[in-house]
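> Attaching a single structure in structure tokens format; questions to follow.
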């Protein structure tokens, strides 16, 4: 679990800092389940028996949340519904002097949540979609490990 979480966060960091892609608000929210999974995985690796198994069980709702966040983001990208986050909406300009408006601007422009980022040109799956597919795969691996442990008599 820890490796899966760190891998997802590492790829997101590489895309942001290495490739220079600006994450949107939903992209930043999608990173939280992976952080939680990495911490759960660390504690599971340091634990034994029922505690480790319980931490593995906690990975299931975390990955379901990751799948849900990805589905919301893909829906926003496809125009099926508006983003639930206010930072994904069009900017609001407040009155004031030009200097005050310049001072209020972020150092990096925000990316709209409905603008997908595609890593592989020939593959029409955005990063949000890839995140959901990866979360579903990690969820399947966790469920398989739990089922395998139950069949072998480990509880």
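In my numbering, the protein residues as written are 612 to 766. The beta-carbon is built from N, C-alpha and C at its ideal position, and this holds for glycine as well.
So residue 753 and residue 670 are in contact, right, with Cβ under 8 Å, and what is the actual spacing, rounded?
Yes, residue 753 and residue 670 are in contact; Cβ-Cβ is about 5 Å, under 8 Å.
> By Cβ distance below 6 Å, which residues in the same chain neighbour residue 766 in space, the five residues on each side in sequence not counted?
In this prediction, residue 766 has a pLDDT of 49, which is less than 50 and means its spatial position is unreliable; what the coordinates show is noted afterwards. So no residue of the chain qualifies.
> Please state whether the Cβ-Cβ distance between residue 756 and residue 667 is less than 9 Å.
Their beta carbons are under 9 Å apart, which means residue 756 touches residue 667 by this criterion.
> Taking 9 Å as the cut-off, decide whether the C-beta atoms of residue 738 and residue 723 are in contact.
No, the pair does not count as a contact, with Cβ atoms beyond the cut-off.
> So, helix, strand or coil for residue 724, using DSSP?
Correct three-state label for residue 724: coil.
> Are the Cβ atoms of residue 683 and residue 637 separated by less than 9 Å?
Cβ atoms of residue 683 and residue 637: closer than 9 Å.
> Please classify residue 745 as buried or exposed, where buried requires at least 16 neighbouring CB atoms within 10 angstroms.
The residue is buried, with at least 16 neighbouring Cβ atoms inside 10 Å.
> Determine whether the beta carbon atoms of residue 742 and residue 688 lie at a separation below 9 Å.
No, the pair does not count as a contact, with Cβ atoms beyond the cut-off.
> Since residue 680 contacts residue 625 with CB under 8 Å, what's their CB separation in whole angstroms?
At roughly 20 Å, the Cβ-Cβ gap does not stay under 8 Å, so residue 680 and residue 625 are not in contact.
> Below 8 Å on the Cβ atoms is my contact criterion, and I expect residue 662 with residue 740 to pass it. Report the Cβ-Cβ distance as a whole number of Å.
Rounded, the Cβ-Cβ distance is 35 Å, inconsistent with contact.
> Comparing C-alpha positions only, which one of 650, 733, 635, 613 sits nearest to residue 694?
When only C-alpha atoms are compared, the closest one is 635.
> Taking only the alpha-carbon atoms, compute the straight-line gap between residue 732 and residue 632 and give it to the nearest angstrom.
Taking the straight line joining both Cα atoms gives about 15 Å.
> Rounded to a whole number of angstroms, what is the C-alpha to C-alpha distance between residue 736 and residue 730?
Using only the alpha carbons, I get a separation of about 8 Å.
> Along the chain, where does the alpha helix (DSSP H) containing residue 699 start, and where does it finish?
Here residue 699 belongs to no alpha helix (DSSP H), and DSSP marks it neither H nor E.
> What did DSSP end up calling residue 735 once you bin it into helix, strand or coil?
Coil, per DSSP.
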